[in-house]
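Engineer:
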Amino acid sequence: KERKKERKKERKKERKKERKKERRKEKKEASDFLCNKYSVTLEKEKNENDYFLLTPSSMSGYIPSYLDKDELCVVCGDKATGYHYRCITCEGCKGFFRRTIQKNLHPTYSCKYEGKCVIDKVTRNQCQECRFKKCIYVGMATDLVLDDSKRLAKRKLIEENREKRRREELQKTIGVKPEPTDEEWELIKIVTEAHVATNAQGSHWKQKRKFLPEDIGQAPIVNAPEGGKVDLEAFSQFTKIITPAITRVVDFAKKLPMFCELPCEDQIILLKGCCMEIMSLRAAVRYDPESETLTLNGEMAVTRGQLKNGGLGVVSDAIFDLGMSLSSFNLDDTEVALLQAVLLMSSDRPGLVSIERIEKYQESFLLAFEHYINYRKHHIAHFWPKLLMKVTDLRMIGACHASRFLHMKMDAAELWITLLWFGCLQTKFGSIQIY
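Positions 143 to 577 (the working numbering) are the ones given, in order, by the sequence shown.
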């Protein structure tokens with residue numbers, strides 16, 4: 143029995159040894175396969191702390207598509223691996239040239255044979271001075287060799303781009319929508335602060351608003367430019383708040399660095415084009431469903447009829463409809479601010495000079511806006527495209543308001559109304575002409 147037990151133990155040991163040998167053999171075969179496939183070895187260079195990927199002259203792995211299969215190094219005649227520092231060279235000459243420049247070694251090189259050495263793949267390591275001179279002679283560029291700081295910066299940029307691509311691929315795979323980057327958060331912060339600083343009454347508008355008396359603006363009295371009637375008392379109340387409202391729009395724009403970088407002429411055209419649109423937006427987001435009123439400039443609450451009879455005519459219906467629609471969107475200050483920035487940077491305004499710059503600025507706002515919407519996670523289906531449609535509605539309001547005074551014959555009273563309603567921006571910028 144004891145002998146049987148011993149024999150069993152011996153057989154087990156032998157089987158274990160055999161299995162270990164087989165595993166070692168498999169690992170070695172796998173390793174040899176990888177080495178043969180890529181023909182790349184890691185070798186530590188002398189006087190270097192970093193490891194470099196070196197390709198031996200017998201390399202049969204990756205060759206760039208722009209190289210012929212048997213292309214030779216212009217320095218030593220070894221097999222070339224690519225276009226390095228403006229010349230087709232092997233990995234050895236590339237590394238030699240890079241180290242020489244980075245460490246400023248060439249002043250220390252000296253030739254024993256008066257600089258007459260023949261450099262080939264056999265003799266290249268025998269004379270550093272002649273090898274470096276040949277590198278320069280064939281056209282290798284010293285200015286393309288990066289120092290440590292530039293090399294680290296380049297490596298960091300490559301890693302960032304690689305990480306960015308990885309995130310994008312991951313988002314495509316799992317369907318995650320991108321949120322604002324650090325740069326976009328900075329832009330969002332600037333726009334939001336500009337809006338909050340120039341938005342009358344801020345979030346306390348409901349507590350501080352005053353309702354226009356019901357008897358004002360209910361009965362149209364004099365002819366309006368569009369052929370309707372205007373209540374002069376309501377009109378008088380509106381004209382008191384329209385100038386400060388325009389001033390706040392101008393101040394909002396001036397707080398945006400992108401806007402201030404534009405030529406003065408473009409600034410005026412953009413403000414003239416977006417002023418009515420932004421004022422309409424600021425009124426629309428202050429629609430109160432309970433009282434069915436809009437609050438103008440954060441202080442005066444008016445009904446649909448009062449706004450219509452006060453001089454805005456059919457435009458008032460569009461603004462009220464927009465307010466009713468936006469009430470379900472629950473927009474915060476940042477979203478309102480970004481909407482205003484998108485309206486401001488409209489590159490299709492007639493007469494603009496810096497069209498491409500303005501388009502670029504608007505694209506920046508739109509991208510940050512979309513990412514912020516993703517961050518907010520609204521529970522409305524297709525929220526982003528629906529919100530963009532409101533930009534179209536606001537542009538239509540601005541166009542409708544402007545067109546009311548384009549093709550008409552005006553008497554003195556009508557001209558007075560036009561100058562007050564459509565000409566308030568002209569009082570801010572005296573150089574703008576009324577069309």
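All C-beta atoms, glycine included, are put in the ideal place defined by N, C-alpha and C.
#1: In whole angstroms, give me the CA-to-CA distance for Ile300 and Glu213.
#2: Near Ile500, which residues of its chain fall below 8 Å by C-beta distance, leaving aside the five closest residues on each side in sequence?
#3: What's the gap between the Cα of Trp327 and the Cα of Tyr429?
#4: Closer than 8 Å is the cut-off here; do at least three beta carbon pairs connect the region 379-391 with the region 430-441?
#5: Give me the residue from Phe394, Asp289 and Arg309 with the minimum Cα distance to Lys245.
#6: Leu468 and Ala426 - do their beta-carbons sit closer together than 8 Å?
#7: To test your reading of the DSSP string, which unbroken beta strand (DSSP E) runs of 3 or more residues are found completely within the region 399-457?
#8: Are Lys519 and Leu464 touching if we call contact CB-CB under 8 Å?
#9: Whole angstroms is fine: what's the gap from Arg149's alpha carbon to Glu156's?
#10: Could you tell me which residues DSSP puts in a beta bridge with Gly225?
#11: Report all residues from its chain with a CB closer than 8 Å to the CB of Ile539; omit the five preceding and five following residues, and keep chain order.
#12: Are there 16 or more other CB atoms within 10 angstroms of the CB of Glu233, so buried, or fewer, so exposed?
#13: Label Glu305 either buried or exposed according to how many other C-beta atoms from any shown protein chain fall within 10 Å of its C-beta, with 16 as the threshold for buried.
#14: Per DSSP, what kind of secondary structure is Lys258 in: helix, strand or coil?
#15: Between the region 245-259 and the region 212-226, do three or more beta carbon pairs fall short of 8 Å?
#16: Using DSSP's beta-bridge definition, name the partner residues of Phe394.
#17: Could you pull out every unbroken alpha helix (DSSP H) segment of at least 4 residues lying fully inside the region 263-327, listed in chain order?
#18: I'd like the list of long-range same chain contacts for Thr476, defined as Cβ closer than 7 Å, with 5 residues on each side in sequence excluded.
#19: Under a three-way DSSP split, which group does Lys245 fall into?
#20: In whole angstroms, what separates the C-alpha of Glu152 from that of Lys221?
#21: Under 8 Å Cβ to Cβ from Gly415, same chain only, skipping five residues before and after it: list those, please.
#22: From Arg390 to Val478, what distance separates their C-alpha atoms?
#23: Let me know the secondary structure DSSP gives Phe471 once reduced to three states.
#24: Leaving aside the five residues before and after Ile261 along the sequence, list all residues of the same chain whose C-beta is less than 8 Å from its C-beta, in chain order.
#25: Taking the straight line between their C-alpha atoms, what separation do you get for Lys143 and Lys154?
#26: My guess is that Leu398 and Ala483 are in contact by the Cβ rule of under 8 Å, so how many angstroms apart are they, rounded?
#27: If you run the structure through DSSP and keep just helix, strand and coil, what is Leu195?
#28: Could you tell me how far apart the beta carbons of Ala443 and Arg351 are, in whole angstroms, since I believe they sit closer than 8 Å?
#29: Could you tell me which residues DSSP pairs with Leu214 in its beta bridges?
#30: In this structure, does DSSP put Val182 in helix, strand or coil?
#31: Expressed to the nearest angstrom, what Euclidean distance is found between the alpha-carbon atoms of Phe380 and Glu505?
#32: From Ile230 to Lys502, what does the alpha carbon distance come to, in whole angstroms?
#33: If you run the structure through DSSP and keep just helix, strand and coil, what is Lys352?
#34: Taking the alpha-carbon of Lys431 as reference, which of Leu536, Ser470 and Phe394 has the nearest alpha-carbon?
Structural biologist: In short:
#1: Within the sequence shown, residue 300 is the residue found at index 158, counting from 1. Within the sequence shown, residue 213 is the residue found at index 71, counting from 1. Between Ile300 and Glu213, the C-alpha separation is close to 28 Å.
#2: Here residue 500 is taken as the residue at index 358 of the sequence shown, counted from 1. Listed in chain order, the non-local C-beta contacts of Ile500 below 8 Å within the same chain comprise Leu404, Asp408, Leu412, Met487, Ser488, Ser489 and Leu494, local neighbours out to five positions each way being set aside.
#3: Here residue 327 refers to the residue found at position 185 of the sequence shown. Here residue 429 refers to the residue found at position 287 of the sequence shown. Spanning the two alpha carbons is a distance of roughly 29 Å.
#4: In short, these stretches touch, since the Cβ pair count reaches three.
#5: Working through the sequence shown from its first residue, we reach residue 245 at position 103. Ranking Phe394, Asp289 and Arg309 by Cα distance to Lys245 puts Asp289 first.
#6: As a first step, residue 426 is located in the sequence shown; it is residue number 284 there, counting from the start. As a first step, residue 468 is located in the sequence shown; it is residue number 326 there, counting from the start. Yes; because the gap between Cβ atoms is below 8 Å, this pair is in contact.
#7: The DSSP assignment places complete beta strand (DSSP E) segments of no fewer than 3 residues inside the region 399-457 at 435-438 and 442-444, in order along the chain.
#8: To locate residue 519, count along the sequence shown from 1; it is residue 377. To locate residue 464, count along the sequence shown from 1; it is residue 322. The beta carbons of Lys519 and Leu464 sit no closer together than 8 Å.
#9: In the sequence shown, counting from the first residue as 1, residue 149 sits at position 7. In the sequence shown, counting from the first residue as 1, residue 156 sits at position 14. Rounded to whole angstroms, the gap between the alpha carbons of Arg149 and Glu156 is 10 Å.
#10: Residue 225 sits at position 83 when you count from the first residue of the sequence shown. Here residue 225 is Tyr; the residue named in the question, Gly, does not match the sequence. In DSSP, Tyr225 forms a bridge with Ile230.
#11: The residue given as residue 539 occupies position 397 in the sequence shown. Cβ neighbours of Ile539 beyond the five flanking positions: Met418, Glu419, Ser422, Val457, Ala460, Ile461 and Leu464.
#12: Here residue 233 is taken as the residue at index 91 of the sequence shown, counted from 1. Burial check for Glu233: the Cβ neighbour count within 10 Å reaches 16 or more, so the residue is buried.
#13: Taking the first residue of the sequence shown as 1, we reach residue 305 at position 163. Exposed, since its Cβ has fewer than 16 Cβ neighbours within 10 Å.
#14: For this step, residue 258 is matched to residue 116 along the sequence shown. Note: Lys258 maps to coil in three-state DSSP.
#15: Under the 8 Å Cβ criterion, the region 245-259 does not count as touching the region 212-226, having fewer than three qualifying pairs.
#16: Taking the sequence shown and counting its residues from 1, one reaches residue 394 at position 252. Phe394 is not bridged to any residue.
#17: Fully enclosed alpha helix (DSSP H) runs of 4 or longer: 270-280 and 290-316.
#18: On the sequence shown, position 334 is the one that residue 476 refers to. If you ignore the 5 residues before and after Thr476, its C-beta comes within less than 7 Å of the C-beta of Ile330, Thr334 and Tyr514, all in its own chain and listed in chain order.
#19: Taking the sequence shown and counting its residues from 1, the one referred to as residue 245 is at position 103. Three-state result, Lys245: coil.
#20: Locating residue 152 in the sequence shown gives position 10, counting from the first residue. Locating residue 221 in the sequence shown gives position 79, counting from the first residue. In this model, Glu152 and Lys221 are separated by some 55 Å (Cα to Cα).
#21: The residue you call residue 415 lines up with position 273 of the sequence shown. Counting only Cβ-Cβ distances below 8 Å, and skipping sequence neighbours, we find Ser488, Arg491 and Gly540.
#22: Position 248 of the sequence shown, counted from the first residue, corresponds to residue 390. Position 336 of the sequence shown, counted from the first residue, corresponds to residue 478. The alpha-carbon atoms of Arg390 and Val478 are separated by roughly 14 Å.
#23: Counting from 1 along the sequence shown, the entry for residue 471 is found at position 329. Three-state result, Phe471: coil.
#24: In the sequence shown, the residue the question calls residue 261 occupies position 119. Cβ neighbours of Ile261 beyond the five flanking positions: Val217, Cys218, Cys269, Cys272, Arg273 and Lys276.
#25: In the sequence shown, the residue the question calls residue 143 occupies position 1. In the sequence shown, the residue the question calls residue 154 occupies position 12. Rounded to the nearest angstrom, the two C-alpha atoms are 17 Å apart.
#26: Here residue 398 refers to the residue found at position 256 of the sequence shown. Here residue 483 refers to the residue found at position 341 of the sequence shown. In this structure Leu398 touches Ala483 by the C-beta definition: roughly 7 Å separates them, less than 8 Å.
#27: Start at 1 with the first residue of the sequence shown, and residue 195 comes out as number 53. Since pLDDT at Leu195 reaches only 36, below the 50 mark, its modelled position is unreliable, and the value read off the structure follows with that caveat. Here Leu195 sits in strand by DSSP.
#28: For the purposes of this step, residue 443 is identified with residue 301 of the sequence shown, where counting begins at 1. For the purposes of this step, residue 351 is identified with residue 209 of the sequence shown, where counting begins at 1. So it is a contact: roughly 5 Å between Cβ atoms.
#29: Taking the first residue of the sequence shown as position 1, residue 214 is located at position 72. The secondary-structure analysis by DSSP pairs Leu214 across a beta bridge with Lys221.
#30: On the sequence shown, residue 182 is found 40 positions in, with the first residue counted as 1. Residue placement at Val182 cannot be trusted, given a pLDDT of 37 that sits under 50; what the coordinates show is reported in the next sentence. Of the three classes helix, strand and coil, the one that applies to Val182 here is coil, per DSSP.
#31: By one-based count along the sequence shown, residue 380 stands at place 238. By one-based count along the sequence shown, residue 505 stands at place 363. Cα to Cα, the separation comes out at about 35 Å.
#32: Within the sequence shown, the letter at position 88 stands for residue 230. Within the sequence shown, the letter at position 360 stands for residue 502. For Ile230 and Lys502, the distance between alpha carbons rounds to 40 Å.
#33: Looking up residue 352 in the sequence shown gives position 210. Note: Lys352 maps to strand in three-state DSSP.
#34: The sequence position of residue 431 within the sequence shown is 289, counting from 1. The question names Lys, yet the displayed sequence has Pro at residue 431. Of Leu536, Ser470 and Phe394, the residue nearest in Cα terms is Ser470.
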